[in-house]
Ligand SMILES: [Zn+2]
Ligand SMILES: [Zn+2]
């Protein structure tokens, strides 16, 4: 019997979705003895965890419940040690909304991250549902950082030393930190760094983002874990810096040619980065954000 066209199409679509889902599964990578990254498929959110003699320190708890639970499972498969600490690199839900699944650990973040989770709660949930689906926060309960700092914190625990360092200014958000393990030379950058994928700049400022990248590349890290994208090196971080610089230069040129915000957003093009994920989706918004920034920088100068 000949299968109706619609049914064939449907089967193909389901197969494609399943193939993508399989392709997009996060992958556990060992970065140094006892130091791991769970790398999201296709540029989805990365997490990390560090096994110490006294317990496990988790870096970013994922967003959707199923991914947070998967991270927890991967930790349990790796070690029998308890989770003692959780670090949120910034407030965005894809990095912090899984906190409730790790709440036996002391949750640490920048003071502004705690503030943003409280003050932006409603808008933040709306945004999260837009990305992850209407049902994505069904089981969610806001679980806030309990220990906060403003500049720098050194966490010495179970034979490990981890430096938690504030970006220094509004960068990706106003509360970004990166986590630096000087002995292992591993650095977890949160969304201060993306690899092979365009960032979402709507919450931050590119001037601060560039300074933060300089802070990151001034370490002698041999392994960098970006917030999104594959495990990286300092060279990748410099490539990412190149994107932000090229974006600023291109938008400035368009403004100098008299283009308004809408024209800049609709006409911007940066061919060297066109193979990066989210290029088509986020470049116009990135350009509009930079337009606003450059406009206020010019106003300040006048
Ligand atoms: Zn983010
Ligand atoms: Zn992110």
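Residue numbers (our numbering): -1 to 300.
Every residue gets a Cβ at the ideal spot worked out from N, C-alpha and C, and that includes glycine.
If you're wondering where the values come from, they're calculated on a predicted model, not measured in any experiment.
Residue i in three-state terms, based on DSSP
i           : result
residue 253 : helix
residue 88  : coil
residue 66  : helix
residue 95  : coil
residue 292 : helix
residue 210 : helix
residue 20  : Any answer about residue 20 is weak, because its pLDDT of 45 lies below 50 and its placement is not dependable; what the coordinates show is given next. Residue 20 falls in the helix class under three-state DSSP.
residue 298 : helix
residue 161 : strand
residue 30  : strand
residue 40  : helix
residue 25  : strand
residue 203 : coil
residue 171 : coil
residue 286 : helix
residue 77  : coil
residue 12  : For residue 12, the predicted structure reports a pLDDT of 44, less than 50, and the residue's modelled location is therefore unreliable. A value from the coordinates is still provided. Residue 12 falls in the helix class under three-state DSSP.
residue 217 : coil
residue 71  : helix
Identity of the residue in the options nearest residue i by Cα
i           : options              : result
residue 186 : 86, 289, 65 and 292  : 86
residue 171 : 254, 109 and 123     : 109
residue 191 : 212, 179 and 180     : 212
residue 35  : 222, 200 and 208     : 222
residue 274 : 145, 198 and 260     : 198
residue 231 : 214, 244, 80 and 246 : 214
residue 244 : 204, 219 and 259     : 204
residue 182 : 174, 158 and 200     : 158
residue 289 : 242, 237, 71 and 93  : 242
residue 177 : 58, 238 and 28       : 58
residue 111 : 47, 145 and 123      : 145
residue 137 : 95, 174, 119 and 104 : 95
residue 105 : 142, 249 and 80      : 142
residue 30  : 169, 220, 73 and 75  : 220
residue 49  : 83, 61, 286 and 98   : 83
residue 51  : 32, 61, 43 and 38    : 32
residue 206 : 47, 175, 45 and 156  : 175
Residue(s) in a DSSP beta bridge with residue i
i           : result
residue 188 : 224
residue 46  : 35 and 57
residue 106 : 85 and 145
residue 181 : In the DSSP output, where bridge partners are listed per residue, residue 181 has none listed.
residue 176 : 163
residue 152 : 161
residue 195 : 275
Item to complete: Note down, one range per segment and in chain order, each beta strand (DSSP E) of at least 3 residues found wholly within the region 227 to 284.
Response: none
Worksheet item: Can you list the alpha helix (DSSP H) stretches of 4 or more residues lying completely in the region 110 to 143, in chain order?
Response: 119 to 130
Worksheet item: Is there contact between the region 112 to 124 and the region 88 to 102, where contact requires at least three CB pairs shorter than 8 Å?
Response: Judged by Cβ distances under 8 Å, the region 112 to 124 makes contact with the region 88 to 102, as three or more pairs qualify.
Worksheet item: Three or more C-beta pairs closer than 8 Å, one from the region 193 to 208 and one from the region 227 to 235: is that the case here?
Response: yes
Fill in: Validate contact between the region 128 to 137 and the region 156 to 168 using beta carbons, cut 8 Å, 3 pairs
no
Discussion item. I'd like to know if the region 255 to 265 and the region 62 to 81 are in contact, where contact means that at least 3 CB-CB pairs between them fall below 8 Å.
Written reply: no
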